[in-house]
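Participant:
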Amino acid sequence: MATIHHSYHSLTGQPNAVGASSVLEKVPDMDRFRVALGILILVLVSTAAAAQTTSVSGRVANAQGGVIPGAEVSLRSLPPPGTPAMPRMANMPGMAGAERTTQSSADGTFSFDQVSPGQYVLQVDSSGFERSSAEITVSTQPQTVAVNLQPLEIPGAETAAAPAAGTVASVQGLLDRIKVLEQRISDLESGTVLSEPETRVKRIEVYTDKNGNQYDQPIAGAKKVVTYQRERVYRRQWLSEKLEQAFADQDSKKIAVGVSAASVTQFAKQTTGAPAQANRHAYQLSSADLLFSAGLAQYTSFFADVVGLSGAPPDAEIHGLTLLNSYTARLVRQNEINIREAWLRTELFGQRLAISAGRLDLTNYFDRNFVANDETSQFISDALVNNPALGLATNGSGVVGVFDPKNGFAFKAGLQQSNSDATNLSQSLYTLAEVDYVARPRGLSEGNYRVWIRNDNSTERNKSAVGVSIDQKLTPIFGLFGRYGSAEAGSGRDRFYSAGFQFQKGFVLSPLDIWGVGYAQTDLASGDHEKLAEGYYNFQISEKLRLSLHVQHVFETPAGTKSVAFLVPAVRLQARF
80 MATIHHSYHS LTGQPNAVGA SSVLEKVPDM DRFRVALGIL ILVLVSTAAA AQTTSVSGRV
140 ANAQGGVIPG AEVSLRSLPP PGTPAMPRMA NMPGMAGAER TTQSSADGTF SFDQVSPGQY
200 VLQVDSSGFE RSSAEITVST QPQTVAVNLQ PLEIPGAETA AAPAAGTVAS VQGLLDRIKV
260 LEQRISDLES GTVLSEPETR VKRIEVYTDK NGNQYDQPIA GAKKVVTYQR ERVYRRQWLS
320 EKLEQAFADQ DSKKIAVGVS AASVTQFAKQ TTGAPAQANR HAYQLSSADL LFSAGLAQYT
380 SFFADVVGLS GAPPDAEIHG LTLLNSYTAR LVRQNEINIR EAWLRTELFG QRLAISAGRL
440 DLTNYFDRNF VANDETSQFI SDALVNNPAL GLATNGSGVV GVFDPKNGFA FKAGLQQSNS
500 DATNLSQSLY TLAEVDYVAR PRGLSEGNYR VWIRNDNSTE RNKSAVGVSI DQKLTPIFGL
560 FGRYGSAEAG SGRDRFYSAG FQFQKGFVLS PLDIWGVGYA QTDLASGDHE KLAEGYYNFQ
620 ISEKLRLSLH VQHVFETPAG TKSVAFLVPA VRLQARF
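Taking my numbering as reference, the numbering of the sequence shown is continuous, increasing by one, and the terminal residue is 656.
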C-alpha cells in the first residue's frame, strides 16, 4: 500500500513529485525505445516536407535591359501527363492547375515561395508590352528566371521600351499614350461601318511530311505545298466615305450631260501677193457640242457628241493647204446637227487594255500632243492642232484599242471607215498604229514621245504615212512641242513640220492663263507649199468661260505662182459646263 501512496503523491504534483526524466527512468527499456523512435520519425517527416518546396524568383526587363515595375506575374502549375483535367482552384500552390499571382517591385524583381517541384507556366503581362509566357520545370533547388518583354506594336505609338534605368514616369507616359489610342479606336468604331463583303484570294504555304503532317516552317523531309483560299472579308469605312460611295454609285448610273460652245471671229488682211477676195473680210463660225456620257457597267461607259455649227469661216475664201479655223473640219452643212462621235468603251485586264467601238474620231487617240492638240483652248490653226499627214478628213465607224502596261510605254491600234460614201468598209479602210513613251529625262519634267504609221485605201490604192509627235516640259511652266509627217503621194511624198512652245502659269496676267507660239510648214510633192505662224493668249475668265486672242500669218505658194499672204487676227470665246 505504501508504493501506491507514493505514486499518488507524484501524480498530484505534490512537492515530493518527480520530473519527466524521473518518469522516463521508471519507464521500462522497451517503452523508452518506442518513444525515441517516434520522435525520430516526426523529425524526419517534417524535414522531408520542408525539402519538397522551393522558390521561383526573377527580374522583368525590357529589350534594352531597363527594369519594368508593376508587371503582373503569374505562376500556374501544370498537371502531370495523363492527369484528367480538374476544376481550377486558385491560390492552392500544391494543386495542379492552381495559379499564384504577384507584381514586380520597383527594381523589376518578383518571387514565389513554397513552390512544389513540377511543371509550371510563368506568364508576365505589362501595359505596352507583349505577353511573355514560358513553361518552366521547378526542381528542389531555388530557381531564378530572367524575363524580357518586347514592345507592343501599335501603329502610331512611340516605342514602348524604357531607358536602361527605366522609371515609373516613362511607364505612366506610355499608359497615357495607350489610353489616347484606345480612345481613337473607340471613335473609329463609333464613326465607321462595315463595308460590303469583298472576296479575296489568300495564298497559303505549308510543309507536308511523308506522314501527312503539316508545318508552318520548313523542316527536313517535308515538301512545300502552295494552295489558294478564297475568303470574304469586310473593312471599316467612315460614314462619310460610305455616303460618298453611295452617291458616286448613284451618279454612275445616271446619264451625264455637258455642253461645250465656242464662237470664233476672224478678220483677214492680205499682206503680199495678187489681190484676193478674202482681203479685209470678217468671218465668224459658231459651234455647240452636246456631250452625253453614262456608265453602263463596271469599267464600261458610253459617250456621244452631237454637234451643230453655223457661220462662215475664212477657209471658204482662203484656199490654203490646211484650215485656218480647225472647227471648219466639223462643218458639214450650215445649221445642221450631226452626230460627231458615239461609242462604247470597256477596260480589261486590270484597266490596262481599253477598247472603244462606234463612230470615232481617231485623232482623239493618235498623234496627241499636250502643247498643241486642243482647238478649244490652244491654237486654232488646224496645222498646229493635228498632223496633216494623218490624212483623215472625216469621222466614221471603227474600233480602237489602247494597251497601257503601266511601265511608260503604250501601244495603240485602230481602224475606221474614212469615206462615208463607200458601200462597204473594205473600200474605205483606214488603219493606224502608234507607240507612245512617257520619258522623264534627268533634270527635266515629263515628256511624251510618239511614233505612228497609217494606211488608207480610200483612193483605190493603199497610201501609207508615218509621223512623230513630241512634247517635252523643260520646266513646270514651259514646254516645247514638235511634229513631223511624211505621206505617200501620187509622185513622191508630202512632208509636214511644226514646232513651238507654251507657257503655263508663267509670264501671264493671271495664274490660270496660258499662251503659246507655233510654226507649221507643209510641202506637197505637187510643188505646193504653205508656211503658217500663230500666237495666242488664253484668259481664264471663270471656271467655265475662257477668252483667247490669236494672230495668224499664213503664206500660200501654189506650184508655179507667187506667194499670197494673209494676216488673220482672231477672237475665240469658249464656254464649257
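Backbone N, C-alpha and C define an ideal beta-carbon position, used for all residues, glycine too.
For A544 and E323, I'd like the C-alpha separation in whole angstroms.
Facilitator: Position 465 of the sequence shown holds residue 544. Position 244 of the sequence shown holds residue 323. Cα-Cα distance, rounded: 48 angstroms.
Participant: In terms of residues, what are the limits of the alpha helix (DSSP H) holding V464?
Facilitator: Walking along the sequence shown from the start, residue 464 turns up at place 385. V464 -> alpha helix (DSSP H) spans D461 to V464.
Participant: For I215, which residues from the same chain have a beta carbon less than 6 angstroms from its beta carbon, with the 5 sequence-adjacent residues on both sides left out?
Facilitator: Translated into positions along the sequence shown, residue 215 becomes position 136. Contacts found: Y199 and L201.
Participant: Buried or exposed for F30, going by 16 or more other Cβ atoms inside 10 Å?
Facilitator: No information on residue 30 is available, as it lies outside the stretch 80 to 656 that the chain covers here.
Participant: Taking Q198 as part of the beta strand (DSSP E), name the residues at either end of that continuous run.
Facilitator: If you number the sequence shown from 1, residue 198 lands on position 119. That run of the beta strand (DSSP E) goes G197 to D204.
Participant: Decide if N443 is buried, meaning its Cβ has at least 16 other Cβ atoms within 10 Å, or exposed.
Facilitator: Here the question's residue 443 lines up with position 364 in the sequence shown. With fewer than 16 other Cβ atoms within 10 Å, it is exposed.
Participant: Am I right that A373 and N358 are in contact with their C-beta atoms under 8 angstroms? What's the rounded C-beta distance?
Facilitator: Within the sequence shown, numbered from 1, the residue matching residue 373 stands at position 294. Within the sequence shown, numbered from 1, the residue matching residue 358 stands at position 279. About 49 angstroms separates the two Cβ atoms, so there is no contact after all.
Participant: Leaving out the 5 sequence neighbours to the left and right, which residues in its chain are closer than 6 angstroms to V478 when beta-carbon positions are compared?
Facilitator: Residue mapping note: residue 478 aligns to position 399 of the sequence shown, counting from 1. Counting only Cβ-Cβ distances below 6 angstroms, and skipping sequence neighbours, we find A436.
Participant: Please give the ranges of any beta strand (DSSP E) in the segment 315–397, keeping only runs that are unbroken, at least 3 residues long and fully inside the region.
Facilitator: 315–317, 334–351, 360–376 and 379–391
Participant: Helix, strand or coil: which one does DSSP assign to I532?
Facilitator: Counting from one through the sequence shown, the residue named residue 532 turns up at place 453. It is a strand residue.
Participant: Distance, Cα to Cα, G569 vs R655?
Facilitator: On the sequence shown, position 490 is the one that residue 569 refers to. On the sequence shown, position 576 is the one that residue 655 refers to. If I take the Cα positions, the gap works out to 43 angstroms.
Participant: Between Q349 and S642, what straight-line distance do the alpha-carbon atoms span, to the nearest angstrom?
Facilitator: Working through the sequence shown from its first residue, we reach residue 349 at position 270. Working through the sequence shown from its first residue, we reach residue 642 at position 563. Rounded to the nearest angstrom, the two C-alpha atoms are 11 angstroms apart.
Participant: Which residue spans inside the segment 403–487 form an unbroken beta strand (DSSP E) run of at least 3?
Facilitator: Fully enclosed beta strand (DSSP E) runs of 3 or longer: 415–427, 432–439 and 475–482.
Participant: I'd like the list of long-range same chain contacts for T82, defined as Cβ closer than 6 angstroms, with 5 residues on each side in sequence excluded.
Facilitator: One-based indexing of the sequence shown puts residue 82 at position 3. Summary for T82: the model assigns pLDDT 39, below 50, so the residue's position carries little reliability; its value from the coordinates is reported in the next sentence. Answer for T82: no residue qualifies.
Participant: Using the C-alpha atoms, what's the distance from A604 back to G571?
Facilitator: Here the question's residue 571 lines up with position 492 in the sequence shown. Here the question's residue 604 lines up with position 525 in the sequence shown. Rounded to whole angstroms, G571 to A604 spans 5 angstroms at the Cα level.
Participant: Here's the rule I'm using: 16 or more other beta-carbon atoms within 10 Å means buried, otherwise exposed. How should I532 be labelled?
Facilitator: Taking the sequence shown and counting its residues from 1, one reaches residue 532 at position 453. When all chains shown are included, I532 counts as exposed.
Participant: I need the straight-line Cα distance from R138 to V146, nearest angstrom please.
Facilitator: Start at 1 with the first residue of the sequence shown, and residue 138 comes out as number 59. Start at 1 with the first residue of the sequence shown, and residue 146 comes out as number 67. Those two C-alpha atoms are separated by around 8 angstroms.
Participant: Who are the near neighbours of S339 in its chain, counting only those whose CB is closer than 6 angstroms to its CB and skipping five residues on each side?
Facilitator: Here residue 339 corresponds to residue number 260 of the sequence shown, with the count starting at 1. Same-chain partners within the cutoff: D368 and R655.
Participant: Distance check for Q229 and F208, CA to CA, integer angstroms please.
Facilitator: If you number the sequence shown from 1, residue 208 lands on position 129. If you number the sequence shown from 1, residue 229 lands on position 150. If I take the Cα positions, the gap works out to 6 angstroms.
Participant: Pull up the distance between the alpha-carbon of Q345 and that of Y378, whole angstroms please.
Facilitator: As a working note, residue 345 is residue 266 in the sequence shown. As a working note, residue 378 is residue 299 in the sequence shown. Using only the alpha carbons, I get a separation of about 42 angstroms.
Participant: Using C-beta distances below 7 angstroms, list every residue in its chain close to A638, excluding the 5 sequence neighbours before and after it, in chain order.
Facilitator: Start at 1 with the first residue of the sequence shown, and residue 638 comes out as number 559. Counting only Cβ-Cβ distances below 7 angstroms, and skipping sequence neighbours, we find S605, G606 and D607.
Participant: Within the same chain, show all residues whose beta-carbon is closer than 6 angstroms to that of A164, passing over the 5 residues directly before and after it, in chain order.
Facilitator: Counting from one through the sequence shown, the residue named residue 164 turns up at place 85. Reliability of the predicted coordinates at A164 is poor, the pLDDT of 44 falling under 50, and the value obtained from them is presented with this limitation in mind. For A164, where only same-chain residues beyond five positions count, there are no Cβ hits under 6 angstroms.
Participant: Determine the direct distance from the alpha carbon of Y362 to that of T425, and round the result to whole angstroms.
Facilitator: The residue given as residue 425 occupies position 346 in the sequence shown. The residue given as residue 362 occupies position 283 in the sequence shown. The alpha-carbon atoms of T425 and Y362 are separated by roughly 41 angstroms.
Participant: Taking DSSP as the reference, what is the three-state secondary structure of S589?
Facilitator: Looking up residue 589 in the sequence shown gives position 510. Coil at S589, not helix or strand.
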